[in-house]
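Notes follow the structure.
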Amino acid sequence: MSRRRNRRAPPDEWVPGTLLDWRSSTHWAATEQPCRYCGHDTHLRDSKKAPAHKVCAETALAQQAADAADAYHQRTDT
Ligand SMILES: [Zn+2]
Numbered sequence: 519m520s521r522r523r524n525r526r527a528p529p530d531e532w533v534p535g536t537l538l539d540w541r542s543s544t545h546w547a548a549t550e551q552p553c554r555y556c557g558h559d560t561h562l563r564d565s566k567k568a569p570a571h572k573v574c575a576e577t578a579l580a581q582q583a584a585d586a587a588d589a590y591h592q593r594t595d596t
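Note that this note's numbering has the sequence shown beginning at 519, numbered continuously upward.
Quick look at the structure:
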């Protein structure tokens, strides 16, 4: 069986701060608003323009991916 991975697949060992690229000015707002994940104020905005720290958004994405993988395995295990 091939171990070749999809080029877009995330790395096995995720390093916080390296998943998303938020260098674009569209991820920056002049005013601080509470992060949608942790509640602390931030100038940063996610792709839907909601206030969010980059690390918080990356953590949420990683959790969603883990939850989806768990759900997939539960469905295929039975
Ligand atoms: Zn946050």
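By construction, the Cβ of each residue, glycine as well, lies at the ideal position given by its N, Cα and C atoms.
Is Y590 closer than 9 Å to A570 when the C-beta atoms are compared? The residue given as residue 570 occupies position 52 in the sequence shown. The residue given as residue 590 occupies position 72 in the sequence shown. It is not a contact, given that the beta carbons lie outside the stated cut-off.
Under a criterion of Cβ closer than 5 Å to any non-hydrogen atom of ligand 1, which residues qualify, in chain order? Any residue whose Cβ sits closer than 5 Å to a heavy atom of ligand 1 makes the list: C553, Y555, C556, H571, C574.
Would you tell me roughly how many angstroms separate the C-alpha atoms of L538 and D588, rounded to the nearest one? By 1-based counting over the sequence shown, the position of residue 538 is 20. By 1-based counting over the sequence shown, the position of residue 588 is 70. The straight-line gap from Cα to Cα measures roughly 23 Å.
Could you tell me which of P534, L562, G557, D585 sits nearest to T544, measuring between CA atoms? Counting from 1 along the sequence shown, the entry for residue 544 is found at position 26. Minimum Cα distance to T544 is reached at L562.
May I ask which residues mark the beginning and end of the beta strand (DSSP E) holding D559? Mapped onto the sequence shown, residue 559 falls at position 41. Residues 559-562.
With respect to the beta strand (DSSP E) encompassing A615, which residues constitute its N-terminal and C-terminal limits? Since the displayed the chain opens at 519 and closes at 596, residue 615 lies outside it and no answer follows.
Our contact map puts W546 next to K572 with C-beta atoms below 8 Å; I'd like the distance itself, whole angstroms only. Counting from 1 along the sequence shown, the entry for residue 546 is found at position 28. Counting from 1 along the sequence shown, the entry for residue 572 is found at position 54. The pair is not a contact, with the Cβ atoms about 11 Å apart (cut-off 8 Å).
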